[in-house]
Amino acid sequence: MNRTIRQGNTKVHAQELTQAPPMALTKELAKTSKRILTLALNALVLSMLLLMGLMLGACGGPQGGSGGAGSGTGGAEAGNGAGNGERIQIVTTIFPAYDFSRQIAGDKAEVSLLLPPGVESHSFEPTPSDIISIQNCDVFIYVGGESDVWVDEILASLDNSDLQTIRLMDCVSLVPEEVIEGMEDEEEEAASEGSAGAEEEEELDEHVWTSPRNAKLITQAISDVLCEIDPGNAEFYETQTVSYLGQLDELDAQFRDVVATATRNTLVFGDRFPFRYFVDEYGLDYYAAFPGCSSDSEASPQTVAFLIDKVKSEQLPVVLKIELSNHGIADTIAQETGAQVLIFHSVHNVSLDEMNAQATYLSLMEANVQVLREALN
Ligand SMILES: [Zn+2]
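Residue 360 in the working numbering sits at position 360 of the sequence shown, with consecutive numbering throughout.
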């Protein structure tokens with residue numbers, strides 16, 4: 001029951017971002033029923049695949065469908081010694097969890113990321129093979145927010161009592177998604193259009209990883225679980241964790257230094273704003289076109305005018321947008337004000353180029369340090 005209501009409220013993303021016209025309600029509804037259908041289909045395919053899996057029995061092929069590294073080479077069991085020879089399987093929905101896991105686990109675990117490179121996380125739907133890899137893994141890490149609303153139903157349908165799950169939103173103190181002055185407010189629009197969206201339940205902000213302090217808490221949570229389920233390698237995980245937490249501290253110090261020495265304190269995003277935890281952490285002010293996970297693709301003239309006005313009155317040298325963003329709001333603001341457009345990475349996911357260039361949470365956030373410096377000076 002509750003679930004149905006949530007489904008109805010589900011915000012739908014990437015498609016809308018690419019196909020502009022906001023035929024809002026009908027489209028949302030169509031997309032929602034498509035989503036339900038997909039889930040039902042997935043459940044069906046899942047049960048068939050699980051059956052097949054059972055029939056194939058103990059073949060124990062490496063999971064992860066796509067990646068499939070180190071396939072357990074035939075008779076390796078003997079060589080691996082203690083029945084514990086297999087590497088831990090970690091499956092993650094979004095990039096930060098994937099990156100934190102591999103930083104801690106090194107080669108002791110096989111870590112896979114369900115989101116293909118370049119895919120907008122909010123529009124992602126798991127494939128049957130993704131569901132199989134969740135079913136077969138040891139640790140499944142997900143956000144627990146809007147970018148992976150499908151997770152609850154999948155977890156409820158799985159039959160793996162050994163599966164450890166880590167929900168990123170359980171690792172930190174949460175704050176609600178914020179609608180501030182000048183921002184498009186979907187909820188208000190929905191309410192005035194008389195839709196069921198009027199259910200004013202406060203939406204908690206899911207973008208917990210955008211604060212390096214939170215990244216530390218999440219890293220520690222992952223580390224604790226790994227140590228618990230794989231005590232033989234606990235010492236290794238602990239050493240890796242200490243070193244990685246140190247690097248996150250350095251990142252945090254860099255942001256603090258930029259903010260402390262900056263001449264300005266305000267950011268303008270001609271875009272969605274998934275950085276609530278980040279600005280809270282460093283005491284920054286901001287204005288943006290849409291809240292964190294908004295599916296809106298078009299800003300009203302008033303919103304754009306408001307942001308242009310802010311850039312002008314505060315004489316801001318930079319207007320920001322996020323990665324994988326393809327509406328031109330930031331560019332419009334830049335044209336009107338002469339400000340420069342720069343990308344502030346929200347690290348939901350990485351592009352293929354970034355993946356190939358071995359991008360990490362740290363490398364992307366360090367690029368953000370430079371952008372922040374330009375934006376605040
Ligand atoms: Zn998001």
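Ideal placement from N, C-alpha and C gives every residue a C-beta, glycine not left out.
request  = Give a yes or no on whether the C-beta atoms belonging to Val225 and Val172 are separated by under 9 Å.
outcome  = no
message = Taking contact to mean 3 or more Cβ pairs, one atom from each stretch, closer than 8 Å, check whether the stretch 267-274 and the stretch 321-329 are in contact.
response = yes
ask   = Among all the DSSP beta bridges, which residues are the ones paired with Leu320?
value = Phe269, Leu342
message = Buried or exposed, going by whether 16 or more other CB atoms sit within 10 Å of the CB of Ser112?
response = buried
ask   = Taking the continuous beta strand (DSSP E) assigned at Thr92, which residues delimit it?
value = 88-92
query = Looking at C-alpha atoms only, which residue of Arg167, Leu114, Lys310, Glu110 is the closest neighbour of Ile131?
reply = Leu114
Val151 beta carbon less than 9 Å from that of Glu381 = Nothing can be reported for residue 381: it is not among the residues displayed for the chain, which extend from 1 to 377.
ask   = Less than 8 Å between the CB of Glu178 and some heavy atom of ligand 1, yes or no?
value = no
query = Residues bridged to Gln164 by DSSP?
reply = Val139
key: When Gly118, Gln220, Tyr282 are compared against Gly211, the one with the closest alpha-carbon   = For the sequence presented, residue 211 should be read as Ser rather than Gly. Comparing Cα-Cα distances from Ser211 to each of Gly118, Gln220, Tyr282, the minimum goes to Tyr282.
request  = Kindly list the residues whose CB is nearer than 7 Å to the CB of Gly79, restricted to its own chain and excluding five residues on each side of it in sequence; keep chain order.
outcome  = Legend: pLDDT at Gly79 = 32, less than 50; position of this residue unreliable, value from coordinates given subsequently. Nothing listed; no residue qualifies.
request  = May I ask you to list the residues that DSSP assigns as paired with Glu110?
outcome  = Gln89
message = Assuming Ala288 is part of the beta strand (DSSP E), what are its boundary residues?
response = 285-290
ask   = Going by the beta-carbon positions, is the gap between Ile166 and Phe140 smaller than 9 Å?
value = yes
request  = Give me the Cα-Cα distance between Lys310 and Thr261, rounded to the nearest whole angstrom.
outcome  = 22 Å
query = Candidates Ala375, Val350, Gln340: which alpha carbon is nearest Leu267's?
reply = Ala375
ask   = Which class does Pro274 belong to by DSSP, given the choice of helix, strand or coil?
value = coil
key: Alpha-carbon spacing of Leu217 relative to Asp285, whole angstroms   = 24 Å
request  = Go ahead and pull the three-state DSSP assignment for Leu204.
outcome  = strand
ask   = For ligand 1, any of its heavy atoms closer than 8 Å to the Cβ of Pro96?
value = no
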